[in-house]
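Right, one structure below, let's go through it.
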Amino acid sequence: MSSGEIGLYGGTFDPPHFGHLNVAISMLELAELEEVWWIPAWQNPHKSGVVQTDAHHRMQMVRLMIADLPKFRVLPIECERQELSYTFDTVNALLSDENKSPHPRPLRLIIGDDQLNLLICWHRSRELLEMTQPLVARRLSSGPLKGVKDPIRERVEFVETPIVEIHATEIRRRLARGEYCGHLVPAKVLDYIYTHRLYSSHKYE
Numbered sequence: 028m029s030s031g032e033i034g035l036y037g038g039t040f041d042p043p044h045f046g047h048l049n050v051a052i053s054m055l056e057l058a059e060l061e062e063v064w065w066i067p068a069w070q071n072p073h074k075s076g077v078v079q080t081d082a083h084h085r086m087q088m089v090r091l092m093i094a095d096l097p098k099f100r101v102l103p104i105e106c107e108r109q110e111l112s113y114t115f116d117t118v119n120a121l122l123s124d125e126n127k128s129p130h131p132r133p134l135r136l137i138i139g140d141d142q143l144n145l146l147i148c149w150h151r152s153r154e155l156l157e158m159t160q161p162l163v164a165r166r167l168s169s170g171p172l173k174g175v176k177d178p179i180r181e182r183v184e185f186v187e188t189p190i191v192e193i194h195a196t197e198i199r200r201r202l203a204r205g206e207y208c209g210h211l212v213p214a215k216v217l218d219y220i221y222t223h224r225l226y227s228s229h230k231y232e
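Heads up, the sequence shown is in the working numbering, so the first residue is 28 and it goes up one at a time.
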């Protein structure tokens with residue numbers, strides 16, 4: 028049975044891949060979420076020096092990947108702002124909209140356990156943790172957590188997830204070298220990448 032909660036899954040998604048999909052599906056099922064909203068970032072503030080694919084292409088790739096999954100939606104909120112994508116601003120805006128509804132639903136931020144130690148450094152992180160209780164995708168094979176501050180540990184909920192280890196950086200390199208990526212990226216997304224000649228530049232090698 029659904030909890031009635033909405034999962035917010037933000038990221039660069041450059042490109043979106045099976046690892047992202049696995050986390051989202053696992054969270055939907057294991058945390059019994061009503062829906063998962065995918066939120067591509069316009070510009071990740073922690074990756075300001077990294078070359079990113081145009082936001083329009085990243086949005087379209089996510090749409091293609093989740094097209095057959097009715098409990099998934101893509102929100103253009105960060106791409107439409109066209110500025111640094113701070114999670115606090117996004118959650119605050121979505122909560123404001125949700126609270127106008129006669130039946131507001133709780134919003135749960137979805138993050139990986141690799142982001143947990145960085146969470147305290149996020150823009151207005153303490154206020155963010157007061158607005159939403161993050162769901163943390165915890166690898167089944169992970170050892171004990173180290174270095175996680177108690178205030179954060181107390182505010183998050185861990186969900187043991189069979190995480191697939193796939194890295195977008197390596198996918199971009201493989202695509203730039205013309206190597207096979209069908210085991211990493213859904214076919215519809217790969218077709219879009221090839222059609223629009225994304226990641227073909229040597230700058231990704």
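Backbone N, C-alpha and C fix where the C-beta goes; we use that ideal spot for every residue, glycine too.
Endpoints, the alpha helix (DSSP H) within which residue i is located
i: Gly-46; result: 45-57
i: Val-118; result: 114-125
i: Val-78; result: Where Val-78 is concerned, there is no enclosing alpha helix (DSSP H), given that its DSSP letter is neither H nor E.
i: Ile-104; result: 104-108
i: Ile-220; result: 214-222
Span separating the alpha-carbon of residue i from that of residue j
i: Ile-137; j: Phe-185; result: 10 Å
i: Met-92; j: Val-101; result: 10 Å
i: Thr-222; j: Glu-61; result: 34 Å
i: Ser-30; j: Asp-124; result: 19 Å
i: Gln-161; j: His-150; result: The amino acid occupying residue 161 in the given sequence is Pro; Gln does not appear at that position. So the two alpha carbons sit approximately 15 Å from each other.
i: Glu-154; j: Thr-188; result: 27 Å
i: His-130; j: Leu-121; result: 14 Å
i: Leu-96; j: Val-191; result: 19 Å
Cut-off 6 Å between Cβ atoms - residues of its own chain near residue i, not counting five sequence neighbours on either side
i: Tyr-36; result: Ala-51, Val-63, Trp-65 and Ile-137
i: Glu-145; result: In the sequence as displayed, the identity of residue 145 is Leu instead of Glu. None.
Close Cβ partners of residue i (< 7 Å) along its chain, the five nearest in sequence each way excluded
i: Asn-119; result: Met-158
i: Cys-106; result: Pro-67, Trp-69, Ala-82 and Met-86
i: Pro-103; result: Met-86
i: Ile-193; result: His-44, Phe-45, Gly-46 and Leu-211
CB-CB length for residue i against residue j, believed under 8 Å
i: Arg-199; j: Tyr-226; result: 5 Å
i: Glu-32; j: Arg-132; result: 6 Å
Limits of the unbroken beta strand (DSSP E) element including residue i
i: Thr-188; result: 184-188
i: Arg-100; result: 99-101
i: Glu-154; result: Not the beta strand (DSSP E): Glu-154 falls in the alpha helix (DSSP H), residues 152-158.
i: Ile-137; result: 134-139
Residues near residue i in its chain [Cβ-Cβ closer than 8 Å; skip 5 each side]
i: His-84; result: Tyr-219, His-223 and Leu-225
i: Gly-139; result: Val-50, Val-163, Ala-164 and Ile-190
Mind the definition here: the stretch 200-219 touches the stretch 37-46 only if three or more C-beta pairs lie below 8 Å; say whether that holds.
Yes: the two stretches touch, three or more of their Cβ pairs being nearer than 8 Å.
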